[in-house]
């Protein structure tokens, strides 16, 4: 457990003593729900047909070409869909009735820019740069729940509420004892800073436990590493109920591979993260939902570099002990060229906001009028997905 003096060393060296600490406010929330929600954002546009191949579609092998997975390699879900072989933990969770797969899903955005697509995904609006707050931030502004991003900065999705913050371990060295003593004395004279320091120490203590082996390590946006920290925050008494994780490197324009390559590496990390979350949450897993989303999908066929380009329809995952799972939720459009969006992309048939609305209505127990008026404004025609949760 890190000591107060050592923690001051860390934050002073990072130049955060007057900036980061006041933001670390995790007050107790009387009567707060003990349901937990983890959102994992895969930045760069994950190939949905690579992660969840529609192997049973008559056009699958022909359209995917060199990047098509063989039936001997995949983890079958039914006669149409399967999981990539790297997703063995997710496959087990699905078979246990604790995961759903939402296929041919997308936000309302169609222009295939990463920056704009992520903006729409995080704001929950129907076009880019329509809002400076995120939909989870707006949710937090209506509740006493706390949300944390495992990130060096606050992502757009959590902006718009004082109840959202971010945390990442410092990679900078400590400072000399004289400065430490001066900082301690300075903080003790200021009740606000002193209280903020105590809260920050608590947050750091939660994250700095045996899962990190007591050693500082770089924060490389590994889902597995971030998941370990997120679990600690979520398990803490009177602490955060929502955690946001980010992963990069999903823009597989070249040498995407089938069972080896950048897509496989990313899926292995995602799968390890999901397995770790389930294991480390223990009984709390039964009250947890984990959603995995990306800004858009990728082209159905491979490009000249044996990769895929920016597309439209993709896939999302919803897992957790609270999930009524074992379902593939889709209005499958098919993979024939005439069935594709602009004759190149998987045609999106589900608005991803339907998934988000279902999660916050039936898992986080937000009233429908609050969802429509405060969180996802101007989207009443987008209906929440039903039957996602057991309770």
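Residue numbers (the numbering used here): 6 to 396.
Beta carbons are placed, not taken as given, at the ideal position from N, Cα and C, and that holds for glycine.
Where residue 358 is concerned, the enclosing alpha helix (DSSP H) starts and stops at 357-367.
For residue 328, there is no enclosing beta strand (DSSP E), since its DSSP letter is neither H nor E. Residue 239 and residue 130 have their C-alpha atoms roughly 28 Å apart.
The alpha-carbon of residue 259 is positioned some 43 Å away from that of residue 147. Nearest neighbour of residue 234 by Cα position, chosen from 288, 296, 171, turns out to be 171. Nearest to residue 292 by alpha-carbon distance, out of 328, 255, 386, is 328. A straight line joining the alpha-carbon of residue 331 with that of residue 143 spans about 31 Å.
Take the alpha-carbon of residue 353 and the one of residue 288: they are about 36 Å apart. The beta carbon of residue 335 lies closer than 6 Å to those of 108, 109 in the same chain, with the five residues before and after it left out.
For residue 93, the enclosing alpha helix (DSSP H) stretches over residues 93-100. For residue 322, the three-state secondary structure derived from DSSP is strand. Assignment of residue 81 by DSSP, reduced to helix, strand and coil, places it in the strand class. Counting along the chain, the unbroken beta strand (DSSP E) around residue 252 starts and ends at 247-252.
Counting along the chain, residue 125 sits inside the alpha helix (DSSP H) bounded by residues 119-128. Under the DSSP definition of a beta bridge, residue 303 partners with 315. Nearest in C-alpha terms to residue 94, of all of 118, 128, 281, is 281.
If you draw a 10 Å sphere on the C-beta of residue 370, you find fewer than 16 other C-beta atoms in it, and that means exposed. A contact is defined here as three or more CB-CB pairs under 8 Å, and the segment 368-385 fails this definition with respect to the segment 43-53. Annotation for residue 170: no alpha helix (DSSP H) segment contains it, though the beta strand (DSSP E) segment containing it runs 169-172. Distance check between residue 169 and each of 61, 368, 145 places 145 closest, using alpha-carbon atoms only. In the DSSP assignment, residue 111 falls within the unbroken beta strand (DSSP E) covering 104-111.
Just measuring C-alpha positions, the residue of 310, 390, 263 sitting nearest residue 78 is 263. Going by beta carbons, residue 58 and residue 87 fall inside the 8 Å limit. For residue 344, the secondary structure class from DSSP, reduced to helix, strand or coil, is helix.
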